[in-house]
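Using this note's numbering, the first residue of the sequence shown is number 54, and each one after it goes up by one. Where a beta carbon is used, it is the ideal one built from N, C-alpha and C, also for glycine. Before any comments, here is the structure.
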Amino acid sequence: MSIRVVLADDHGTVRSGLKALLERAEGIEVVGEASDGAAAVVNARALRPDVVLMDVRMPVVDGVAATREIVSEGTAAVLVLTTFDEDEVVLSAIRAGAAGFLLKTAEATELVSAVRRVAAGEGVVAPEVTRRVFRELATAGARVSPAEDGQAAAQLEHLTVRERDVLTQLGAGASNSQLARELGISEATAKTHVSRVLAKLGVQSRTQAALVARDAGLMDST
Numbered sequence: 054m055s056i057r058v059v060l061a062d063d064h065g066t067v068r069s070g071l072k073a074l075l076e077r078a079e080g081i082e083v084v085g086e087a088s089d090g091a092a093a094v095v096n097a098r099a100l101r102p103d104v105v106l107m108d109v110r111m112p113v114v115d116g117v118a119a120t121r122e123i124v125s126e127g128t129a130a131v132l133v134l135t136t137f138d139e140d141e142v143v144l145s146a147i148r149a150g151a152a153g154f155l156l157k158t159a160e161a162t163e164l165v166s167a168v169r170r171v172a173a174g175e176g177v178v179a180p181e182v183t184r185r186v187f188r189e190l191a192t193a194g195a196r197v198s199p200a201e202d203g204q205a206a207a208q209l210e211h212l213t214v215r216e217r218d219v220l221t222q223l224g225a226g227a228s229n230s231q232l233a234r235e236l237g238i239s240e241a242t243a244k245t246h247v248s249r250v251l252a253k254l255g256v257q258s259r260t261q262a263a264l265v266a267r268d269a270g271l272m273d274s275t
């Protein structure tokens with residue numbers, strides 16, 4: 054079956070370019086478009102796409118608020134398109150539940166691959182964004198209060214040893230296939246473990262789980 058995508062961007066030319074690019078790829082169908090975040094939420098509810106490709110800065114409702122609503126309602130996974138200087142917005146979108154981030158300068162093959170991975174339940178973060186966001190997270194980590202640090206550690210209490218290993222791999226940005234290789238398990242088992250970890254942590258995306266891993270200090274020894 055085709056991967057169904059809704060495009061949310063306030064520039065019509067950008068949407069047209071993205072639509073042409075995605076529909077040249079096998080197995081991807083653009084089923085709707087939105088010029089602002091409010092329309093993106095409405096389209097996600099009505100069309101139930103697999104992925105919403107979301108711009109961040111849009112009128113009426115911005116991409117972060119729209120992402121939070123779409124993810125909380127479970128109507129679609131969200132792949133955010135961002136520009137190089139939007140670190141604060143990216144961090145907000147992570148906490149809103151976005152499954153992935155790409156720069157608008159990404160190559161066509163990167164975009165198509167990211168859409169497919171997000172539709173399959175994986176997380177995707179552009180390398181440039183990863184470096185900048187993790188640098189910001191490291192700085193923010195120095196400002197975490199003992200109470201906040203304890204809260205992050207408490208979230209791990211109900212995880213098994215194997216699930217902690219999975220969470221550590223998520224913190225490192227591993228895909229399901231990478232996680233399977235690293236832990237010596239099948240990809241299907243890796244996917245099951247990821248779903249259980251997200252449920253136990255009460256988070257909605259792999260990227261949010263990665264933040265928990267870092268806040269709890271799991272990455273300090275890696």
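So, at 6 Å on beta carbons, what are the nonlocal neighbours of residue i in its own chain, with the 5 sequence-adjacent residues on each side left out?
i    : result
A130 : V104, A152 and V171
Q257 : V124 and G150
I263 : Before going on, a small fix: residue 263 reads as Ala here, not Ile. If we look at A263 and ignore the five residues flanking it on each side, its Cβ neighbours are L223 and G224.
S145 : V117
A91  : V113 and V114
Quick one: what's got a C-beta closer than 8 Å to residue i's C-beta in the same chain, skipping five residues either side?
i    : result
G194 : Caution applies to G194, whose pLDDT of 46 falls short of 50 and renders its modelled position unreliable; the model cannot decide the point.
E76  : E82 and V83
R215 : L236 and H246
I56  : G80, I81, E82, D103, V104, V168, R169 and A172
Do you know whose CA, among the options, lies nearest residue i's CA?
i   : options             : result
A87 : Q222, H64 and G80   : H64
E79 : G255, E175 and R169 : R169
A97 : N229, E122 and L74  : E122
With respect to the alpha helix (DSSP H) encompassing residue i, which residues constitute its N-terminal and C-terminal limits?
i    : result
I123 : G116 to E126
E163 : A161 to A172
E210 : Element bounds for E210: n/a, residue is neither H nor E.
K226 : Correcting the residue type first, residue 226 is Gly in the shown sequence and not Lys. Note, G226: premise wrong, no alpha helix (DSSP H); not H, not E.
G270 : Where G270 is concerned, there is no enclosing alpha helix (DSSP H), given that its DSSP letter is neither H nor E.
V83  : Run containing V83: none in the alpha helix (DSSP H); it sits in the beta strand (DSSP E), I81 to A87.
For residue i, collect the residues of the same chain with a Cβ closer than 7 Å to its Cβ; drop the 5 residues on either side in sequence, then sort them by chain order.
i    : result
H211 : K253
L209 : R217 and A269
Which residue marks the beginning of the beta strand (DSSP E) containing residue i, and which one marks its end?
i    : result
D108 : V104 to D108
G153 : G153 to L156
Could you tell me how far apart the beta carbons of residue i and residue j are, in whole angstroms, since I believe they sit closer than 8 Å?
i   : j   : result
V59 : V95 : Incorrect: roughly 10 Å between the Cβ atoms, too far for contact.
A93 : A73 : Not quite, the Cβ-Cβ distance comes to about 20 Å (not below 8 Å), so this is no contact.
Evaluate residue i with the Cβ neighbour count: other Cβ atoms within 10 Å of its Cβ, from every protein chain shown; 16 or more gives buried, anything less gives exposed.
i    : result
A167 : buried
A241 : exposed
T66  : exposed
T162 : exposed
M111 : buried
M54  : exposed
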